[in-house]
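Under numbering that gives the first Met the number 0, think of the first position of the sequence shown as 0, with each following residue one higher.
One structure below.
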Amino acid sequence: MLSRKWISDTGVFVMAAENAVHFVDGEDDILADAFRAEASGRLIGVRNDHDITEDHAVIVEPTPEDFDLLGREFIGQFFLLFSEDERHAVLFTAAGEYKLIAGPLPFLRRVFPDLSAQKREFIEFKNEELSYPHTAWVELVLENAVRFMDWLD
């Protein structure tokens with residue numbers, strides 16, 4: 000999920016956003032509302048890590064209360080949250096500094112009312128992050144996150 004093939008096959012779009020911690024500043028309400036309005040069914044949260052030693056998934060409803068549960072369940076971990084139809088997703092990346100939000104345009108517009116402003120904000124965040132000492136890997140993943148939003152150009 001969130002591979003270039005999945006994006007192409009499903010016809011979804013991707014946006015990137017800063018992610019200091021999961022669900023900050025009312026983000027749980029915004030995402031829950033977007034999932035509830037645009038996706039059908041429950042949501043599935045799974046760990047997203049390169050060294051997973053056990054299967055772990057949580058099934059939740061798109062409510063702020065269940066998003067609180069997700070935040071506690073996956074505290075300090077990176078995870079993927081997606082709808083049962085697999086067309087709406089949020090990937091809390093292994094890099095930890097950003098997340099990718101994917102779905103049809105109405106879903107993304109519920110999360111980010113001004114998509115162009117969100118892209119500019121993320122590029123500013125990326126440039127600030129890269130102004131500090133960093134590894135080549137950090138630069139690569141942040142540049143890749145920006146490329147996910149090339150469809151806005």
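Ideal Cβ positions, reconstructed from N, Cα and C, are used throughout, including at glycine.
For residue i, which residues from the same chain have a beta carbon less than 7 Å from its beta carbon, with the 5 sequence-adjacent residues on both sides left out?
i    : result
R41  : I58, V59, E60, E83
A56  : I43, G44, V45
A116 : none
T62  : A31
H133 : none
Helix, strand or coil for residue i, going by three-state DSSP, please let me know.
i    : result
A116 : helix
G44  : strand
E60  : coil
L69  : helix
E89  : It is worth fixing the name first, because residue 89 is Val in this sequence and not Glu. Here V89 sits in strand by DSSP.
A15  : strand
A101 : strand
F81  : strand
A38  : coil
F147 : coil
E96  : coil
D32  : helix
D27  : helix
F106 : helix
F124 : helix
With the cut-off set at 8 Å, would you say residue i and residue j are in Cβ contact?
i    : j    : result
L141 : L129 : yes
L124 : E17  : Reading off the sequence shown, one finds Phe at residue 124, where the question assumed Leu. Contact flag set, yes.
A127 : H87  : Sequence check: residue 127 is Glu here, not Ala. The answer is no: Cβ separation not under 8 Å.
P103 : V11  : yes
L99  : F147 : yes
A33  : Y97  : no
L107 : L1   : no
Less than 6 Å between C-beta atoms, sequence neighbours within five positions excluded: which residues of the same chain meet that for residue i?
i    : result
L212 : There is no way to answer for residue 212, as the model of the chain reaches only from 0 to 152.
W5   : none
Per the DSSP calculation, residue i is bridged to which residue(s)?
i   : result
G75 : Answer is none; G75 lacks a bridge partner.
Would you mind reading off the limits of the alpha helix (DSSP H) that contains residue i?
i  : result
T9 : 3 to 9
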